[in-house]
Amino acid sequence: MAVTAYQKTAEVLREQVREALLDHDAFEQMVRPCELSLCRATCCHDGVYLSQEEAGGIKALLAENADAFATYGLTLPEEPIASAREGRSLKTATREADEGELAVDFPSHFPKTRCVFLDRQGRCGIQRLSMEQGREPWFDKPLTCWIHPIVIQSANRERSRPLVTLVSPDNDPQKADGYPGFASCTHCGRPDKSGRPAREVLAAELEMLGQVAGRDLLAELNADSL
-16 MAVTAYQKTA EVLREQVREA LLDHDAFEQM VRPCELSLCR ATCCHDGVYL SQEEAGGIKA
44 LLAENADAFA TYGLTLPEEP IASAREGRSL KTATREADEG ELAVDFPSHF PKTRCVFLDR
104 QGRCGIQRLS MEQGREPWFD KPLTCWIHPI VIQSANRERS RPLVTLVSPD NDPQKADGYP
164 GFASCTHCGR PDKSGRPARE VLAAELEMLG QVAGRDLLAE LNADSL
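In our numbering, the protein residues as written are -16 to 209.
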């Protein structure tokens, strides 16, 4: 049974993860589970980059379920899929955040915006639709959304294979002058000594990623703890 609506996109991910190294040490990092009432969907503040397949799928969902999305109270623009990176990429559009909509500790370097598919409580309309129509919660969500905060780094000169990992404030690949990073700054991705090992907290994400890849990532990580 397919675990995602986006099979072509999943195939690209599958090829990466099948041969990837698995960063066991990174998944021992202590993190806290997602608590929507606290994080207010901070990870979704800037929308998400999409494959052509995902963009087309979301447009089809909107066309077929306009009434449902309207009942969720979403503020959807005429073009909910936006062009990005000077026309080289597609992503979900964003809107300005309303007062009180962001987390109390929302990172100051993040733009104060929201993915247009979030309602005022931080709930994803795409995920809500999937659940109401009897599909798995993440079935229609872009893959990058539900994978977060797990990061899949491409092979490079120092490493001949991709790497499935979690980043930290020290090695966040999006870190730059005046921008401390992305994944390591979101509530579910930042280290927290009061949390639990990431392999436990992110078990659902690791299990689904493993299903996409045909590889039991969770078992590989848990084997080290036996």
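Even glycine gets a Cβ: it sits at the ideal position worked out from N, Cα and C.
For residue j and residue i, the rounded distance between their alpha carbons
| i | j | result |
| --- | --- | --- |
| P63 | D6 | 36 Å |
| L59 | A80 | 13 Å |
| A186 | C128 | 15 Å |
| E37 | V31 | 11 Å |
Residue nearest to residue i in terms of C-alpha spacing, selected from the options
| i | options | result |
| --- | --- | --- |
| G40 | A(-12), G56 and M13 | A(-12) |
| T169 | A187, Q(-1) and H131 | H131 |
| V(-5) | V195, L201 and L204 | V195 |
| M13 | L200, S151 and L201 | S151 |
| R15 | M191, G178 and I133 | G178 |
| T75 | N48, R103, K42 and D50 | K42 |
| N48 | E115, S167, P180 and L200 | E115 |
| Q157 | K176, Q136 and P145 | Q136 |
Residue i, DSSP secondary structure in three states
| i | result |
| --- | --- |
| Q194 | helix |
| Q(-1) | helix |
| L85 | coil |
| R179 | strand |
| A9 | helix |
| V(-14) | coil |
| Q110 | helix |
| C168 | helix |
Residue i at chain C interface by Cβ criterion, 8 Å
| i | result |
| --- | --- |
| E119 | Absent here is chain C; the protein component of the structure consists of one chain. |
Exercise for the section: Evaluate the contact criterion for the region 83 to 94 versus the region 21 to 31: three or more CB pairs, one atom per stretch, below 8 Å. Expected result: Touching, yes, given that three or more Cβ pairs across the two stretches are closer than 8 Å.
* Asked: Can at least three beta-carbon pairs, one atom from the region 107 to 116 and one from the region 46 to 58, be found at a separation below 8 Å?
  -> The region 107 to 116 vs the region 46 to 58: in contact.
List in chain order: all unbroken alpha helix (DSSP H) runs of 4+ residues lying wholly within the region 18 to 55. Those alpha helix (DSSP H) runs which fall completely within the region 18 to 55 and span 4+ residues are 19 to 22, 35 to 47 and 49 to 54.
message: As an exercise, report each continuous alpha helix (DSSP H) stretch of at least 4 residues that is fully enclosed by the region 114 to 149, in chain order.
response: The qualifying runs are 126 to 130.
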